Each structure stands twice: as C-alpha cells, then as structure tokens.
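Shown next, in structure tokens, is the structure this report addresses.
Protein chains in written order, with our numbering: chain A, 113 to 440; chain B, 461 to 754.
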C-alpha cells in the first residue's frame with residue numbers, strides 16, 4: 113500500500129526537479145545565444161507554464177481533433193474514418209440532440225435567473241444595511257459547499273417524499289396535481305437541476321456583484337443628485353452602466369461553467385434519461401462505452417458551442433457594457 | 461489593488477434617507493432570501509443527526525429527536541474512509557504546493573520581466589481558461605496510460621508542476637504589479653539574485669494573494685471529482701469525493717439511507733466550511749478579483 117504513495121512521491125520529486133533544472137538550463141542557453149539578462153530570466157520563469165501549454169493544452173487539443181476523425185477503442189490503434197463521427201452525431205444519434213437541448217436549456221435559463229436574483233440581493237445589501245458581513249456570510253455559505261455535497265443534498269431535498277414536496281404538499285393538493293418526482297421525471301428534471309444550480313451559484317454571484325457595487329465611486333451619485341435624478345433613474349443610469357462590466361464577467365463565467373456541469377450531474381444518480389448533460393454524455397461514451405473517437409468528436413462540438421455562446425455574449429456586450437476607460 | 465469592498469479601506473456613510481417602512485421592507489426581503497438559502501443547508505445538518513425511522517415524518521422535524529451522533533461513526537465505517545482521507549490529504553497537499561509555487565513563479569515572470577512576445581503569451585494564457593476540461597481529458601488519459609500511471613495518484617498531482625490554474629497566474633500577476641519596483645532595485649544593488657529576490661522579498665509581500673489562491677486551490681483539489689473518477693479504479697486509492705459517490709451509489713440501490721448520506725456530505729463539506737469561517741476574506745478576495753478588475 114505504501115508503495116502507491118512512494119511511486120507518486122518519486123514522480124513528483126523527479127518532475128519538479130526536472131522543471132527547475134530546465135529553467136536554469138534555458139536561462140544559461142539563452143544567455144549563451146546573446147539574449148539579454150532580463151528577457152532570458154523572463155523566459156526561464158514562465159517555462160513551467162510554457163511546457164504545460166504544449167503538453168497539457170496544445171498537444172491534447174490537436175490530439176483530440178485527430179481522434180475525432182477516427183474510430184478508437186484504446187485497445188487497437190485509431191482507424192481514420194473521416195467525418196463519420198460527426199455525420200453519425202448529427203443524423204443518427206437521437207440521444208445527442210436530447211443531451212444538447214438539455215444542456216443548452218439549463219444554461220440559458222439558469223444563468224440569467226441566477227444573475228437577476230443575485231443583482232436584486234446585492235442591490236438590497238448595498239443599501240447601508242447593518243451587519244453586512246454577517247449577511248454576506250449567510251448568503252455565500254451554500255456556494256462553498258462541495259459540488260458533491262450539494263448534489264446529494266438536493267437529491268434528498270427533491271426526493272419524492274423529501275422536504276420540498278412535504279412543504280408544498282398543500283399547494284399540490286390545492287391545485288389537484290400529483291407531487292412531482294423531480295429528478296426522475298423527464299418533465300421535471302430540468303426545473304430540478306435549475307433549482308439546484310440557482311442555489312449553488314446564487315451566493316457567489318451576489319458577493320461578486322456586491323463588490324462591484326461597492327466599487328462605484330460615490331461622487332457619481334452626488335453629481336446625479338445635483339442634476340435632479342431620482343432614485344430609480346439613478347439606478348438605471350448610473351448603477352447598472354457602472355456595474356455592467358461585472359455583470360458581463362458573471363455572465364461569461366456562468367455560461368462557460370454551466371455548459372460544463374459534470375460533478376453535480378454525476379452525483380444525481382437516478383435521473384430520467386432526458387436529463388443528461390453533455391459532459392456526462394462524453395464521459396459515458398469515452399470511458400463506459402469505450403468509443404473514444406466519438407467522444408472526442410462530441411468534445412469538439414461542445415467546445416464550438418461554448419465558443420459560440422461566448423462570442424454572442426461578447427458581441428452583445430458592445431451594446432450594453434460600459435467601460436470607464438473608453439469615455440470619449 | 462482596487463477596493464473590492466473586502467478590506468475596510470475607507471468607511472463610507474450615507475445619510476440614511478430611507479423612511480422606516482422602506483428599511484423594514486429591505487430587511488424583510490433580505491431575511492426571506494437568507495431563509496431560502498439556509499433551509500437546505502440546515503436540513504442537511506438536521507438529517508445527518510436523525511434516526512432512520514424519523515426521516516420522513518410529517519410535518520418535518522427540524523431538531524432531531526433523538527439526536528444520533530452515531531450516524532457519523534456508522535457512515536464513516538461503512539467504507540474505508542480513513543484511507544480515503546489519507547489519500548485526499550496526500551494528493552491535495554502535493555498538488556497545492558506545486559500549483560501555487562509554479563503559479564507564483566510564472567506570474568512573477570509575466571509581471572516583472574520584459575521579453576519579446578510577452579503580451580501575446582499572456583493572452584494565450586488567459587484564453588486557455590475557456591478550454592473545456594472534458595475535451596483534453598481523453599488525450600491526457602491516453603498519455604498517462606502510455607507511461608503506466610493509470611490507477612496511481614500521479615496524474616492527480618504531478619501535472620500541477622505545469623501551472624494548473626491560469627486564473628491563479630492572473631491573480632498573482634495583478635498583485636505583483638502593485639509592488640513598487642524600488643524594493644527590488646534596492647535588493648539588486650545589495651547584490652541579490654533573482655531567486656533570492658523572489659524568495660526573500662516578493663513572496664512575503666504577496667502573502668495575502670498566496671493565501672487567497674491557497675484557499676481556491678485547496679477547494680479545487682479537495683473536490684476534484686472528474687480526475688479521480690477517470691484515473692483511479694481501486695477502492696483503496698479513492699479520495700473522499702469518490703468514496704462519497706461510491707457510498708451514495710451503493711447505499712441507494714435499495715432504500716436510500718439519507719441520514720448517512722447527509723452525514724458524509726457534511727463531513728465532506730466540513731474542512732471547507734471551517735476554512736471559510738477562518739479565512740473568509742481570502743475566499744471573497746479570490747472570488748471577486750477577476751470581476752471587479754473588469
């Protein structure tokens with residue numbers, strides 16, 4: 113048993129020592145080629161990241177692009193099949209479309225709702241409330257829970273005889289509906305995930321937006337007041353524009369994160385088949401069904417979707433994000 | 461550093477112009493919000509102390525009667541959680557040390573030294589934050605497999621030497637840039653070399669930022685599920701989070717034992733909650749620094 117730890121410890125020390133040695137050697141080498149002292153030191157210092165960029169990002173990135181055009185089961189060498197994986201995905205794989213719709217639906221609903229809720233809360237907290245630190249702690253608390261714990265907790269909260277159904281039992285009977293089965297009901301699995309997702313990110317977003325609000329210079333409000341601006345008009349003409357770059361950040365981070373939901377989804381065991389996230393689907397294809405080539409193709413489609421959404425938000429941001437430095 | 465509202469740099473008092481009803485409304489709404497946020501959390505704690513026979517009582521019982529601390533012991537002993545804890549601590553400590561040290565070195569290089577291509581490289585560094593992890597996971601798995609390191613702790617620790625968190629580099633670089641250059645120049649005149657300056661002068665100066673990313677790094681490694689799921693197969697090598705998943709899956713085959721699952725969820729969350737109460741400002745600093753900078 114101890115040998116497991118010894119093996120990794122050896123790997124760890126060898127690789128660490130090799131990195132520092134490489135930094136030292138590259139510095140010597142660059143100096144020998146006549147590179148200035150400052151530049152040589154700079155390159156040597158960023159070397160760990162440069163190696164990482166090639167080995168952990170660019171290499172795997174290119175490799176996964178290649179694999180996406182192959183049939184690969186890890187036991188035999190990859191066989192080139194051209195666009196077959198992509199063609200199968202778009203024409204023959206009904207599960208793919210369901211997964212895609214579910215993942216995007218989750219992101220598109222969850223992120224704006226979380227943003228608006230957090231904006232309202234942060235605005236309320238910014239009204240000179242007493243004991244701000246305590247409020248902030250309480251709101252932020254759920255966001256520090258591990259994703260694994262959050263998922264198990266919500267599986268319990270939303271169990272058919274869990275707390276949510278108990279509390280809302282009278283409401284259900286008032287409207288004459290059965291209590292929902294949430295995660296196991298194809299109709300309700302999306303709302304269930306959204307509830308859990310909102311609870312998880314809400315506090316973190318609130319803290320970020322509150323920091324943004326606190327960062328708005330007071331004199332802007334004083335100036336607006338002198339101009340006779342009312343409270344509401346001040347909020348929409350001063351606060352929101354000044355906060356827009358922070359809102360933009362939260363939006364981007366939220367979209368990228370929610371499209372990649374993995375751990376929570378994996379911990380919610382008995383979901384309806386309708387409720388599978390893209391990352392989980394890729395994992396299942398690669399490591400349960402052993403079709404690594406197809407999984408790589410799915411990964412590339414996912415990357416393109418993330419890029420597309422990011423690009424859309426960036427494009428739209430030109431219309432609504434206000435950067436102080438650009439003032440003409 | 462700009463004021464992120466965390467460190468009480470300046471006190472700003474606004475004359476309370478709101479009328480009493482408005483204040484009452486604000487506090488009422490905030491209280492409702494806190495209730496919504498805290499109910500699931502308290503329900504987790506409450507359930508973890510319940511007797512199995514009292515899980516589904518209606519109306520819901522908030523204070524368990526009887527209080528069963530034994531749930532924690534029972535859950536802990538259902539699987540080799542002692543071993544899982546040792547594994548988690550082993551991997552977390554190794555990964556944290558390498559990750560933070562290399563992030564600081566790289567950030568120092570980007571912040572203080574001029575070299576051709578620096579800005580382009582820094583933009584590349586920022587853009588790697590957007591790469592979905594699952595995309596590069598398959599080639600990485602094949603790589604570790606080809607060097608015979610599947611089902612070892614190596615893939616989950618050694619990679620940290622190559623800067624796992626580009627966001628950490630970004631955060632530390634921001635911090636380095638706030639330190640006046642005169643401090644280093646004085647040290648150079650005294651004959652100190654780059655390693656000495658970095659180790660004896662710069663690292664102590666950026667201690668708050670190191671603590672902020674230390675907290676983030678601890679959280680990320682403690683919770684690292686995806687990597688552990690893919691690289692580890694033997695039960696005795698599992699970290700806590702994978703043990704928890706196995707625990708949940710194996711216990712829910714028949715009737716889910718929610719009281720035990722909530723006990724283990726609480727255990728899983730406990731170190732992070734303790735850290736949160738001890739070092740809250742570093743959590744918030746790490747969280748907000750990217751956002752408020754814009």
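All residues carry an ideal CB built from backbone N, CA and C; glycine is no exception. Keep in mind the model is a prediction, meaning the values are calculated, not measured.
Where the alpha helix (DSSP H) through residue i begins and ends
i, result
"residue 719 of chain B", "718 to 738"
"residue 536 of chain B", "530 to 538"
"residue 317 of chain A", "301 to 326"
"residue 206 of chain A", "206 to 237"
"residue 642 of chain B", "641 to 649"
"residue 567 of chain B", "541 to 572"
"residue 681 of chain B", "667 to 682"
"residue 433 of chain A", "Note, residue 433 of chain A: premise wrong, no alpha helix (DSSP H); not H, not E."
"residue 357 of chain A", "352 to 371"
"residue 512 of chain B", "Per DSSP, residue 512 of chain B belongs to no alpha helix (DSSP H) and is neither H nor E."
"residue 396 of chain A", "Looking at the DSSP string, residue 396 of chain A is not in any alpha helix (DSSP H), and its letter there is neither H nor E."
"residue 630 of chain B", "626 to 637"
"residue 148 of chain A", "Where residue 148 of chain A is concerned, there is no enclosing alpha helix (DSSP H), given that its DSSP letter is neither H nor E."
"residue 591 of chain B", "First-last for residue 591 of chain B: undefined, no H or E at that position."
"residue 620 of chain B", "First-last for residue 620 of chain B: undefined, no H or E at that position."
"residue 400 of chain A", "Taken as a continuous stretch (DSSP letters only), residue 400 of chain A belongs to no alpha helix (DSSP H), as it is neither H nor E."
"residue 277 of chain A", "275 to 279"
"residue 334 of chain A", "330 to 338"
"residue 250 of chain A", "244 to 256"
Paired residues, beta bridge with residue i - DSSP
i, result
"residue 192 of chain A", "A:182"
From the options, residue whose alpha carbon lies closest to that of residue i
i, options, result
"residue 559 of chain B", "B:571, B:634, B:679", "B:679"
"residue 403 of chain A", "A:286, A:246, A:200", "A:200"
"residue 439 of chain B", "B:581, B:647, B:727", "Residue 439 of chain B lies beyond the range of chain B shown here (461 to 754); nothing can be said about it."
"residue 607 of chain B", "A:414, A:119, A:434, A:432", "A:119"
"residue 731 of chain B", "A:258, A:162, A:417", "A:258"
"residue 373 of chain A", "A:182, A:222, A:197", "A:222"
"residue 317 of chain A", "A:117, A:293, A:176, A:235", "A:235"
"residue 589 of chain B", "A:156, A:432, A:419, A:430", "A:419"
"residue 198 of chain A", "A:213, A:422, A:180, A:240", "A:180"
"residue 302 of chain A", "A:276, A:326, A:218", "A:218"
"residue 600 of chain B", "B:585, B:586, B:616", "B:616"
"residue 393 of chain A", "A:174, A:332, A:209, A:341", "A:209"
Within chain A, the residues that residue i reaches when beta carbons sit closer than 9 Å
i, result
"residue 530 of chain B", "Under the 9 Å cutoff, chain A gives no residues; its nearest Cβ is about 19 Å from residue 530 of chain B."
"residue 644 of chain B", "Per Cβ cutoff of 9 Å: no residues; residue 644 of chain B is ~12 Å from chain A at best."
"residue 489 of chain B", "232, 233, 236"
Residue environment, residue i, which counts as buried when at least 16 other CB atoms sit within 10 Å
i, result
"residue 690 of chain B", "buried"
"residue 144 of chain A", "exposed"
"residue 725 of chain B", "buried"
"residue 154 of chain A", "buried"
"residue 361 of chain A", "buried"
"residue 165 of chain A", "buried"
"residue 125 of chain A", "exposed"
"residue 413 of chain A", "buried"
Partners in chain A for residue i, counting only beta-carbon separations shorter than 8 Å
i, result
"residue 696 of chain B", "113"
"residue 434 of chain B", "With chain B running from 461 to 754 in the structure shown, residue 434 of chain B is simply not present."
"residue 478 of chain B", "239"
"residue 536 of chain B", "Per Cβ cutoff of 8 Å: no residues; residue 536 of chain B is ~15 Å from chain A at best."
"residue 578 of chain B", "154"
"residue 705 of chain B", "260, 378, 379"
"residue 584 of chain B", "165"
Chain A contact residues for residue i, given Cβ-Cβ distances below 7 Å
i, result
"residue 725 of chain B", "261, 264, 265"
"residue 568 of chain B", "157"
"residue 650 of chain B", "By Cβ distance, chain A contributes nothing, its closest Cβ being about 17 Å from residue 650 of chain B, past 7 Å."
"residue 729 of chain B", "257, 258, 261"
"residue 501 of chain B", "253, 254"
"residue 686 of chain B", "374, 375"
"residue 660 of chain B", "Under the 7 Å cutoff, chain A gives no residues; its nearest Cβ is about 16 Å from residue 660 of chain B."
Amino acids of chain C, ordered along the chain, whose beta-carbon sits closer than 7 Å to that of residue i
i, result
"residue 667 of chain B", "Structure shown: chain C not included; protein chains present are A and B."
Amino acids of chain B, ordered along the chain, whose beta-carbon sits closer than 7 Å to that of residue i
i, result
"residue 131 of chain A", "621"
"residue 278 of chain A", "518, 520"
"residue 123 of chain A", "614, 618"
"residue 391 of chain A", "594"
Contacts of residue i in chain B (Cβ-Cβ under 8 Å)
i, result
"residue 150 of chain A", "573, 574, 575"
"residue 71 of chain A", "Absent from the structure is residue 71 of chain A, since the part of chain A shown begins at 113 and ends at 440."
Distance cut-off 8 Å: residue i Cβ against heavy atoms of the ligand PLP
i, result
"residue 342 of chain A", "With respect to small molecules bound, the structure shown includes none, and the ligand PLP cannot be examined in it."
Residues that residue i contacts on chain B, provided the C-beta gap is smaller than 9 Å
i, result
"residue 300 of chain A", "Correct list: empty, because the minimum Cβ distance to chain B is about 18 Å."
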